[in-house]
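Peer 1: Position 183, counted from 1, in the sequence shown is what this note's numbering calls 183; the numbers after and before it change by one each time, with no gaps.
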Amino acid sequence: MTVKVDFPATHFHSGAAVDGVALLTLDRPEALNALDVQTMQELVEGLERLDSDADCRCVVITGAGDRAFAAGADIKEMAEATPVTLGIANSFARWERIRSVRVPIIAAVRGFALGGGCELAMACDMIIASDDAVFGQPEIKIGVMPGAGGTQRLTRALGKAKAMEMILTGSNLSAREAEARGLVTRVVAREETLSAALALAGEIAALPPLAVRAAKEAVNRAYELSLEAGLEFERRNFFLLFASDDQKEGMRAFIEKRRPEWKGR
Ligand code: CAA
């Protein structure tokens with residue numbers, strides 16, 4: 001197994017115990033958690049299993065060891081590939097499956113997030129980075145270019161000028177710069193990275209899951225649709241939530257000045 005699935009100790013939010021957080025660990029520290037086919041397969045299967053588990057409300061992905069989140073796709077595995085073998089393997093379809101996951105995903109990034117590792121972090125919904133995290137798309141230095149979303153997501157996150165520089169030169173971005181430019185949610189001390197990501201996940205897990213998923217879906221549409229289509233999508237999701245028990249409960253609890261009890265229905 002190259003991906004570990006854990007349900008870490010119960011988290012606390014506003015004094016109340018909160019479950020529902022799962023932790024996926026990329027577990028190839030000897031290869032800086034390079035994303036070989038087996039790791040990607042286990043990662044996608046793990047995410048899809050958790051996504052269909054009603055008790056799982058938020059997922060954190062991290063890398064084992066103290067050096068890397070992931071240093072990219074596995075170069076040794078890829079070195080002799082041809083367009084035909086890549087096409088037949090269709091490995092990149094796994095990235096589309098990650099995009100379809102509805103439960104929120106937080107990347108806890110310590111050390112290197114390079115190439116496919118940076119692309120995986122950007123495919124997550126939020127990134128908590130250690131102060132020594134390094135983001136980059138160095139594929140140009142090995143004769144290729146990003147192939148799992150880097151040219152698109154990095155450009156949307158940073159703007160054309162900075163993304164172009166990084167992708168054409170293979171230069172890296174520090175955690176602080178990534179935070180200043182809106183690529184990451186928060187930078188924390190190295191030893192606090194995982195606990196900060198788990199705490200954020202716990203906070204989300206304590207909230208009504210239908211609304212969380214609908215909101216995630218709508219924010220992601222901001223990248224993909226025109227403003228008009230995105231606003232229309234947002235409004236439909238907003239209206240739909242009024243069919244949920246949690247909407248009635250949330251608003252009644254507010255009026256009655258009590259804590260809401262979410263049913264996830
Ligand atoms: N694939 C396979 N193995 C990798 C790897 C990768 N992406 N990154 C690191 N490793 C392996 C190294 O080969 C080494 O293994 P051995 O001990 O067996 O030699 C081990 O991990 C430790 O790495 P280094 O000895 O290189 O460690 P370092 O501290 O000297 O350098 C590094 C660290 C700068 C991150 C360097 O490892 C590096 O440049 N890695 C490759 C980064 C890269 O080019 N990523 C893009 C890959 S292509 C891609 O991702 C395509 C895509 O868009 C999907």
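No residue lacks a Cβ here, since even glycine has one placed at the ideal position from N, Cα and C.
1. Tell me whether Asp6 sits in a helix, a strand or coil according to DSSP, three-state version.
2. Let's see if you can read the secondary structure: which residues bound the alpha helix (DSSP H) around Val172?
3. Name the two residues that bound the continuous alpha helix (DSSP H) containing Cys118.
4. Taking the beta strand (DSSP E) that Ile106 falls in, what are its first and last residues?
5. Indicate the three-state DSSP secondary structure (helix, strand or coil) for Ala161 in the structure shown.
6. According to DSSP, Cys58 sits in a beta bridge with which residue or residues?
7. Would you tell me roughly how many angstroms separate the C-alpha atoms of Tyr223 and Lys216, rounded to the nearest one?
8. Terminal residues of the continuous beta strand (DSSP E) containing Arg186?
9. Let me know the secondary structure DSSP gives Phe233 once reduced to three states.
10. Under the assumption that Ala64 contacts Leu26 (Cβ atoms under 8 Å), give the Cβ distance between them as a whole number of angstroms.
11. Taking DSSP as the reference, what is the three-state secondary structure of Phe69?
12. Using 8 Å for Cβ pairs, my map puts Ala175 next to Gly111. What's the rounded Cβ distance?
13. Considering only their Cβ atoms, is the gap separating Thr185 from Ile266 smaller than 8 Å?
14. Determine whether the beta carbon atoms of Gly150 and Glu119 lie at a separation below 8 Å.
15. For Ala107, collect the residues of the same chain with a Cβ closer than 6 Å to its Cβ; drop the 5 residues on either side in sequence, then sort them by chain order.
16. Which residue's Cα is closest to the Cα of Ile272: Asp131, Trp262, Asp132, Ile167?
17. Please confirm whether Leu43 and Gly72 have their CB atoms less than 8 Å apart.
18. Using C-beta distances below 7 Å, list every residue in its chain close to Leu158, excluding the 5 sequence neighbours before and after it, in chain order.
19. What first and last residue would you give for the beta strand (DSSP E) that runs through Ile88?
20. What number of angstroms, rounded off, separates the C-alpha of Asp51 from the C-alpha of Ala79?
21. Output the distance between the C-alpha atoms of Pro146 and Phe92, rounded to the nearest integer angstrom.
22. Here's the rule I'm using: 16 or more other beta-carbon atoms within 10 Å means buried, otherwise exposed. How should Pro138 be labelled?
Peer 2: A quick look at the data gives this:
1. Indexing the sequence shown from 1 puts residue 6 at position 6. Residue state, collapsed to three classes: strand.
2. Numbered from 1 along the sequence shown, position 172 holds the residue referred to as residue 172. This sequence places Asn at residue 172; Val is not what is there. Residue range 172-174 is occupied by the beta strand (DSSP E) that includes Asn172, with no alpha helix (DSSP H) assigned at that position.
3. As a first step, residue 118 is located in the sequence shown; it is residue number 118 there, counting from the start. In the DSSP assignment, Cys118 falls within the unbroken alpha helix (DSSP H) covering 116-123.
4. Here residue 106 is taken as the residue at index 106 of the sequence shown, counted from 1. For Ile106, the uninterrupted beta strand (DSSP E) run begins and ends at 105-109, by DSSP.
5. The residue given as residue 161 occupies position 161 in the sequence shown. Helix at Ala161.
6. Residue mapping note: residue 58 aligns to position 58 of the sequence shown, counting from 1. DSSP lists Val21 as partners of Cys58.
7. Start at 1 with the first residue of the sequence shown, and residue 223 comes out as number 223. Start at 1 with the first residue of the sequence shown, and residue 216 comes out as number 216. Rounded to whole angstroms, Tyr223 to Lys216 spans 12 Å at the Cα level.
8. Position 186 of the sequence shown holds residue 186. Judged by DSSP secondary structure, Arg186 falls within the beta strand (DSSP E) whose first and last residues are 186-188.
9. On the sequence shown, position 233 is the one that residue 233 refers to. DSSP places Phe233 in helix when its eight states are reduced to three.
10. Walking along the sequence shown from the start, residue 64 turns up at place 64. Walking along the sequence shown from the start, residue 26 turns up at place 26. Right, their Cβ atoms sit about 6 Å apart.
11. As a working mapping, residue 69 is identified with position 69 in the sequence shown. Phe69 sits in a strand when the DSSP states are folded into three classes.
12. On the sequence shown, residue 175 is found 175 positions in, with the first residue counted as 1. On the sequence shown, residue 111 is found 111 positions in, with the first residue counted as 1. With a Cβ gap of about 10 Å, Ala175 and Gly111 do not count as contacting.
13. Nothing can be reported for residue 266, as the shown portion of the chain is limited to 1 through 265.
14. Working through the sequence shown from its first residue, we reach residue 150 at position 150. Working through the sequence shown from its first residue, we reach residue 119 at position 119. The answer is yes: Cβ separation under 8 Å.
15. By one-based count along the sequence shown, residue 107 stands at place 107. For Ala107, the CB contacts under 6 Å within the same chain, skipping 5 residues up- and downstream, are Ile61, Ala121, Cys124, Ile127 in chain order.
16. This structure does not reach residue 272, given that the chain is present from 1 up to 265, and the question cannot be answered.
17. Counting from 1 along the sequence shown, the entry for residue 43 is found at position 43. Counting from 1 along the sequence shown, the entry for residue 72 is found at position 72. With respect to the 8 Å criterion, Leu43 and Gly72 are not classified as neighbours on the basis of their beta carbons.
18. Locating residue 158 in the sequence shown gives position 158, counting from the first residue. Excluding residues within five positions, the ones whose Cβ falls inside 7 Å are Arg181, Leu183.
19. As a first step, residue 88 is located in the sequence shown; it is residue number 88 there, counting from the start. No beta strand (DSSP E) contains Ile88, which is instead part of the alpha helix (DSSP H) from 83-89.
20. Residue numbering aside, residue 51 sits at position 51 when the sequence shown is read from its first letter. Residue numbering aside, residue 79 sits at position 79 when the sequence shown is read from its first letter. Taking the straight line from one Cα to the other gives about 33 Å.
21. Here residue 146 refers to the residue found at position 146 of the sequence shown. Here residue 92 refers to the residue found at position 92 of the sequence shown. Each residue's Cα considered, the two are about 12 Å apart.
22. Counting from 1 along the sequence shown, the entry for residue 138 is found at position 138. Pro138 is buried by the Cβ-count criterion.
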